[in-house]
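Reviewing the structure listed below.
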Amino acid sequence: MYDIQEIRKDFPILGREVYGRPLVYLDNGATTQKPRCVVEAMTDEYYNVNANVHRGVHFLSQQATELHEAARETVRRFLNARSPAEIVFTRGTTESINLVASCFGEAFMREGDEVILSEMEHHSNIVSWQLLQARKGIKLRVVPINDRGELMLDEYERLFNDRTRIVSVTHVSNVLGTVNPVRRMIDIAHAHGVPVLVDGAQSTPHFAVDMQSLDADFFAFSGHKIYGPTGVGVLYGKETWLDRLPPYMGGGEMIRHVTFGHTTFNGLPFKFEAGTPDYVATTGLARALDYVSALGMDNIYSHEQELTRYALERMRRIPGMRILGQAGERDAVISFLVGGIHHLDMGTLLDRLGIAVRTGHHCAEPLMRRLGVEGTVRASFALYNTRSEVDALVEGIERVAKMF
Ligand code: PLP
Numbered sequence: 001m002y003d004i005q006e007i008r009k010d011f012p013i014l015g016r017e018v019y020g021r022p023l024v025y026l027d028n029g030a031t032t033q034k035p036r037c038v039v040e041a042m043t044d045e046y047y048n049v050n051a052n053v054h055r056g057v058h059f060l061s062q063q064a065t066e067l068h069e070a071a072r073e074t075v076r077r078f079l080n081a082r083s084p085a086e087i088v089f090t091r092g093t094t095e096s097i098n099l100v101a102s103c104f105g106e107a108f109m110r111e112g113d114e115v116i117l118s119e120m121e122h123h124s125n126i127v128s129w130q131l132l133q134a135r136k137g138i139k140l141r142v143v144p145i146n147d148r149g150e151l152m153l154d155e156y157e158r159l160f161n162d163r164t165r166i167v168s169v170t171h172v173s174n175v176l177g178t179v180n181p182v183r184r185m186i187d188i189a190h191a192h193g194v195p196v197l198v199d200g201a202q203s204t205p206h207f208a209v210d211m212q213s214l215d216a217d218f219f220a221f222s223g224h225k226i227y228g229p230t231g232v233g234v235l236y237g238k239e240t241w242l243d244r245l246p247p248y249m250g251g252g253e254m255i256r257h258v259t260f261g262h263t264t265f266n267g268l269p270f271k272f273e274a275g276t277p278d279y280v281a282t283t284g285l286a287r288a289l290d291y292v293s294a295l296g297m298d299n300i301y302s303h304e305q306e307l308t309r310y311a312l313e314r315m316r317r318i319p320g321m322r323i324l325g326q327a328g329e330r331d332a333v334i335s336f337l338v339g340g341i342h343h344l345d346m347g348t349l350l351d352r353l354g355i356a357v358r359t360g361h362h363c364a365e366p367l368m369r370r371l372g373v374e375g376t377v378r379a380s381f382a383l384y385n386t387r388s389e390v391d392a393l394v395e396g397i398e399r400v401a402k403m404f
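For the sequence shown, full-length UniProt numbering begins at 1 and goes up steadily by one.
Now the structure itself:
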């Protein structure tokens, strides 16, 4: 039973008001709210366990280390990865992508080599490669989208050549909601002997992902977008790849032995985890993954799909409504513009009605250029949103539209 009113009680913030109105939080693509169990697990660790991990022989350090490594196992299970050695804790999707661009680029790319991206990437999956481009002279090749906001797979296939070294593509567009056919894209890349990094920032919160059936070589996601704390994320990598990459940062934890002449590195995944990790946040992330798993990712998916269908149906009836992104397979994200109303005006006026949406370019300026807009308004749903919140959004948009 998916009892939405009971579920909402787990998220204290949903009960608050803004400007004297009940909060309608529809900016979940940016970050999600946290259930009580996540905050409590972290508070409990600070109050009762706190000690640095992997270092001390003393009781607290060992207990903290156990919690931290148990969190890694929880992530492994959530992703259905083969081994905890494939789970690297990072600060989030951005750091995970930068790690791959930097380390893979260092080991396997030289001037003239190519990375394939798509037109709908978040800046984190563009700029990381541009930094490598500046260092090494690599080339960025871009898969275009059609007018529905879907990747053009025939164009994708045509981009492969003997200089293609890696594909880095988003699972779900944070603007259009498009769910990309990454499984097929991975098969195509593998047929060319090319590995694939999938940006899972916008997929992991919404539906089950399985590393063994997806067969991605690298996969990145952020804790805060899946009801976990800020400052922690994950890079999944196949052991065969992670083993062959050089370290990302130097420091404690990632070494085996150090002399001034020579250093040997730690094994996986610690080779990529220099310095004190945010071990309290990893506990919070594990609790968040337990929380969504207990609800059932399939139940969350059904709930959000139903909500998105309902929202699209109602929003399409608003005069002047333009919805950006009409992909056949889409997720719980709706970008829109109404008539000539500036996205910032729409967002600001909705805010006064207690409705939190995102406005702007959504860290996807190349996509905005392709769509011919400067920005959009974006409503993005989470497991705790309701039909009546969609009604509030629709009525809010209608009210704002009447003012113009
Ligand atoms: N990739 C996508 C598709 C995103 O939507 C986001 C965040 O909005 C990111 C990457 C970056 O995530 P973070 O800021 O948590 O590193």
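In this text, a Cβ means the ideal position worked out from N, Cα and C, and glycines have one as well.
Examine the ligand PLP and report whether any of its heavy atoms sits within less than 7 angstroms of the Cβ of residue 130.
no
At the level of alpha carbons, what is the spacing between residue 66 and residue 363?
One Cα belongs to residue 66, the other to residue 363, and the distance between them is close to 37 angstroms.
Output needed for residue 157: all residues of its chain with C-beta closer than 8 angstroms, excluding positions within five of it in sequence on either side, in chain order.
188
Sort 63, 125, 387 and 378 by Cα distance to residue 304 and report the nearest one.
387
Rounded straight-line distance, which links the Cα of residue 80 to that of residue 406
This structure cannot speak to residue 406, because the chain is shown only from 1 to 404.
Excluding the 5 residues flanking residue 352 on each side, which residues of the same chain have their C-beta closer than 7 angstroms to its C-beta?
19
For the region 307 to 314 against the region 219 to 234, do three or more pairs of beta-carbon atoms, one drawn from each stretch, fall closer than 8 angstroms, so that the two count as touching?
These segments do not touch.
Can you give the Cα-Cα distance for residue 330 and residue 208, rounded to whole angstroms?
15 angstroms
Checking the sheet assignment: what are the DSSP bridge partners for residue 89?
234
Would you list the residues sitting across from residue 359 in a DSSP beta bridge?
377
How about residue 32 and residue 120: do their beta carbons lie closer than 8 angstroms?
no
What three-state label does DSSP hand residue 12 in the structure shown?
In the structure shown, residue 12 sits in a helix (DSSP, three-state: H, G or I).
Using a threshold of 7 angstroms, is the CB atom of residue 29 nearer than that to any non-hydrogen atom of the ligand PLP?
yes
Local Cβ density within 10 Å of residue 214, reported as buried at 16 or more and exposed below that
buried
Using a 10 Å radius around the Cβ and a threshold of 16 neighbouring Cβ atoms, would you call residue 233 buried or exposed?
Residue 233 should be labelled buried.
What first and last residue would you give for the alpha helix (DSSP H) that runs through residue 321?
Looking at the DSSP string, residue 321 is not in any alpha helix (DSSP H); the run it does join, the beta strand (DSSP E), is 321 to 324.
For residue 346 and residue 21, what's the separation of their Cα atoms in angstroms?
17 angstroms
Just reading off the beta strand (DSSP E) that residue 139 is part of, what are its end residues?
139 to 143
With burial defined as no fewer than 16 other Cβ atoms inside 10 Å of the residue's Cβ, what is the status of residue 257: buried or exposed?
exposed
Grouping DSSP H, G and I as helix and E and B as strand, with all else coil, what is residue 400?
helix
Compute the Euclidean distance between the alpha carbons of residue 131 and residue 206, then round it to the nearest angstrom.
Rounded to whole angstroms, the gap between the alpha carbons of residue 131 and residue 206 is 31 angstroms.
Is residue 172 closer than 8 angstroms to residue 155 when the C-beta atoms are compared?
no
Any non-hydrogen atom of the ligand PLP closer than 7 angstroms to residue 363 Cβ
yes
Between the beta-carbon of residue 127 and the beta-carbon of residue 168, is there less than 8 angstroms?
no
Pull up the distance between the alpha-carbon of residue 243 and that of residue 302, whole angstroms please.
38 angstroms
Give me, in chain order, the residues of the same chain whose beta-carbon lies closer than 6 angstroms to that of residue 159; leave out the 5 immediate sequence neighbours on both sides.
116 and 141
Name, in chain order, the residues that DSSP records as bridge partners for residue 22.
17
If we cut at 8 angstroms on Cβ distances, does residue 106 have a partner in chain B?
Here there is only one protein chain, and chain B is not present.
DSSP beta-bridge partners of residue 27:
380
When you measure from the CB of residue 224 to every non-hydrogen atom of the ligand PLP, does any distance come out below 7 angstroms?
yes
Give me the pocket residues for the ligand PLP, defined as CB within less than 5 angstroms of any heavy atom, sorted by chain position.
92, 93, 94, 122, 124, 170, 174, 199, 201, 202 and 222
Residue of 376, 221 and 185 minimising C-alpha distance to residue 201:
221
Quick check: the region 286 to 300 against the region 190 to 199, are at least 3 beta-carbon pairs closer than 8 angstroms?
In short, these stretches do not touch, since the Cβ pair count stays below three.
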